[in-house]
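First residue of the sequence shown: 1266, per my numbering; consecutive thereafter.
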Amino acid sequence: MPTPTTVHRETDHQDLAAEGRATMTDPLEALHTPIVPLDPDPDFAARLRERLRRALLQPMGDTMTTVQEAPAQLRTLTPYICVDNGQHALRWYAEAFGAELRGEPIIMDDGRVGHAELTIGDSVMMLADEWPEEGLLGPTARGGPSQSLYLTVPDVDVVFSRAVELGAAPARPVADYPYGRNGVVTDPFGHRWMITTPPSPARPRLREGDVGYASLWVPDVDRAAKFYGTVLGWHASPASGSSRHVQGLPEQHIGMFGGQEHRTTFLAFAVHDIHDAIQRIRAAGGNAEEPTDEPYGLSAMCTDDQGMSFSIYQPPERTSPVEEKLAQTAGVSHGEISYLTIGVPDIARARTFFGTVLGWDFTPGHTPGGWNVRLGDTEVRPMTGMHGGTERPVVVPMYAVDDIETAVTRVREAGGSATAPAQQPYGLTSECTDDQGSRFYLGQH
């Protein structure tokens, strides 16, 4: 784009300097020498006036457009593209990619876009019309693109299809790659766009002995859905009969099951080989039904040697070493289970049974008679503790919350009870009971 430049008439200055050296004996006489006006070259004068006019129309300072608050920012490297129809390009990028103007574009007298800035996502792209007189041409005039613009979007299929509908030429169809799902288009102005949706973070597979599913057993499942929806923000959808499934949790599968007078949490444990696990359960004094083929893998309903109901299931594939590591470090989000407390009548029998069946190891807990459950040198997922002395087996969950004070208030307003939050080594906790008498904890970690 043309910008004002300082013009020097070097030959005229040289002539004046030579004349001065010939006639002046005292350099200070230059202060008294009258100014002799020069008649500029007509073409030079016309070009100078045009450049000065453009400079006056252009804002002062480094900002090339009017100031406007925008979430996008200029980065260390910003693309500045040249197009053959700037005003059409501004409209097209808005429709195809959701671009928004960042300030007002500079439109020249002949209708060309002298400069414009577009925000796309968190980035800025600059744009201008072709200026052949400055050697600035778009890809079409140069015979094709010399670079690619890499655009990250939430849904590549939608953006790719919209761009093609608006006139972009598909250069490579959308497909899955190790680095994400992407496709390539050439826009109507000749620029090549690689549109991509990055792969979702790898969801860690469960190890043998991890809890893959938890279900709250309650008398009235509809009341439970309303209560935990109020307290934890759960969205429960009907599954089958008196079952509900909690939707939208990032890492965990949690459900609710009504018609149960024994208020507990039913657990499903992942195993590598369900047939071997069934044999171990039966050999250890428990009961195990024959496995059935479910959408999430082979599954079997079981009971331990003290009457605690649980299930085991074999996921479709074994856990890879990388997924093992992810499972060890996975965190929990608001509304998910951060800790499970398993109460049993006889802790020694329980340690023997689950150590044999699931490969659990045990280390002394912080409270007398309590044990931490581990898989080798890492915690079971989610973290789990076990203690004895209960009349019958019971599992009490702790739910992670972002704001425990707010959560405690919601428990009480929804008809439950909650103790005042107390500081523990692992965060703030509150012991609670829902409106049907089921015990649980809240934890702000």
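Think of the CB as a built atom: it goes at the ideal place given N, C-alpha and C, for glycine as much as any other residue.
Note that the coordinates shown come from a computational prediction; the quantities given were computed from them, not determined experimentally.
Closer than 6 Å by C-beta to residue i: which residues in its own chain qualify, once you throw out the five before and the five after it? Chain order, please.
i, result
"T1606", "G1650 and V1661"
"Y1478", "H1518 and A1533"
"M1648", "Y1604"
"R1675", "T1495 and V1496"
"A1364", "Y1358, L1383 and I1385"
"Q1323", "Note on Q1323: pLDDT 43, under 50, position unreliable in the model; no value is reported."
"L1563", "I1539, P1556 and Q1579"
"I1371", "G1379 and H1380"
"P1581", "G1562"
Considering Cα atoms alone, identify which of the options is closest to residue i.
i, options, result
"I1346", "L1366, E1382, A1364 and F1362", "E1382"
"H1599", "A1683, I1577 and L1514", "L1514"
"G1624", "T1632, I1612, G1634 and R1639", "R1639"
"H1510", "A1535, A1672, W1482 and E1526", "W1482"
"Q1352", "L1366, R1340 and T1341", "L1366"
"T1451", "P1658, G1432, D1611 and E1670", "G1432"
"Q1338", "D1375, H1537, G1376 and D1387", "D1387"
"D1668", "P1633, G1448, A1679 and G1708", "G1708"
"V1659", "G1635, P1463, M1521 and P1610", "P1610"
"S1463", "P1629, R1457 and Y1415", "Looking at the sequence shown, residue 1463 is not Ser but Pro. Cα-wise, what sits closest to P1463 is Y1415."
"G1635", "E1656, G1608 and R1657", "G1608"
"P1435", "S1426, R1547 and G1572", "S1426"
Just to confirm my understanding: we take residue i, look at its own chain, exclude 5 residues before and 5 after, and list those with CB closer than 8 Å. What are they?
i, result
"P1302", "Note that P1302 has pLDDT 48, beneath the 50 cutoff, so the model's placement of it is unreliable and the number below is only indicative. Excluding sequence neighbours, P1302 sits near nothing in its chain."
"T1288", "In this predicted model, T1288 has a pLDDT of only 41, less than 50, meaning its place in the structure is not dependable enough to derive any value."
"G1681", "F1492, V1496, C1697, T1698, D1699 and D1700"
"G1641", "D1626"
"G1409", "G1455"
"R1711", "In the structure as shown, the chain begins at 1266 and stops at 1710. Residue 1711 is therefore absent and cannot be evaluated."
Roughly how many whole angstroms lie between the Cα atoms of residue i and residue j?
i, j, result
"L1402", "A1393", "10 Å"
"T1698", "G1474", "28 Å"
"L1355", "H1500", "42 Å"
"S1576", "G1524", "19 Å"
"A1335", "T1417", "At A1335 the pLDDT is 41, less than 50, meaning the model places this residue with poor confidence; the figure from the coordinates comes in the next sentence. Taking the straight line joining both Cα atoms gives about 19 Å."
"I1460", "T1643", "40 Å"
"E1395", "V1439", "31 Å"
"R1446", "R1528", "45 Å"
"T1632", "I1612", "14 Å"
"G1498", "V1421", "30 Å"
"T1694", "A1687", "5 Å"
"D1375", "Y1444", "45 Å"
"T1343", "M1391", "7 Å"
"P1560", "S1505", "14 Å"
"A1672", "F1522", "23 Å"
"G1653", "R1616", "10 Å"
"V1332", "R1377", "Caution is warranted here: a pLDDT of 36 is assigned to V1332, below 50, making its placement in the model unreliable, and the coordinate value is therefore given only provisionally. Going by the C-alpha atoms only, they are around 21 Å apart."
"Q1412", "R1457", "7 Å"
With respect to the alpha helix (DSSP H) encompassing residue i, which residues constitute its N-terminal and C-terminal limits?
i, result
"G1620", "I1612 to L1623"
"R1356", "G1351 to F1362"
"V1486", "V1486 to L1497"
"Q1544", "I1539 to A1548"
"P1438", "Segment A1434 to Y1442 is the beta strand (DSSP E) holding P1438; no alpha helix (DSSP H) there."
"E1670", "I1669 to E1678"
"P1404", "P1404 to R1407"
"E1430", "V1421 to E1430"
Between residue i and the rest of its own chain, which residues show a CB-CB distance below 7 Å, the 5 nearest in sequence each way excluded?
i, result
"G1326", "The predicted position of G1326 is uncertain, since its pLDDT is 39 and thus under 50; a value taken from the coordinates is nonetheless stated next. Here the set comprises nothing."
"D1570", "A1549, G1550, G1551, R1614 and F1618"
"H1710", "S1603, A1665, Y1691 and G1692"
"P1503", "R1509"
"T1621", "R1545 and A1549"
"S1574", "F1531 and T1568"
"L1293", "Bear in mind that the predicted position of L1293 carries a pLDDT of just 41, short of 50, making it unreliable; the figure below should be weighed with that in mind. Within the same chain, L1293 has no close Cβ partners at all."
"R1340", "S1388"
"E1526", "P1484"
"E1589", "Any reading at E1589 is ruled out, since the residue's pLDDT is 45, under 50, leaving its predicted position unreliable."
Just to confirm the assignment, what range does the beta strand (DSSP E) spanning residue i have?
i, result
"F1534", "T1529 to A1535"
"S1413", "S1413 to T1417"
"G1524", "Careful: G1524 lies outside any beta strand (DSSP E) and carries neither H nor E."
"R1457", "R1457 to T1462"
"T1628", "D1626 to P1629"
"R1509", "S1508 to Q1512"
"S1502", "H1500 to P1503"
Would you list the one or two residues that DSSP bridges to residue i?
i, result
"H1380", "I1371"
"E1696", "Y1706"
"L1563", "D1558 and Q1579"
"M1651", "I1607 and W1636"
"P1662", "L1605"
"E1644", "R1639"
"S1682", "T1698"
"E1473", "Per DSSP, none; premise fails for E1473."
"V1450", "P1435 and W1458"
For the ligand ADP, any of its heavy atoms closer than 8 Å to the Cβ of residue i?
i, result
"G1506", "This structure does not include the ligand ADP; it has no bound ligands of any sort."
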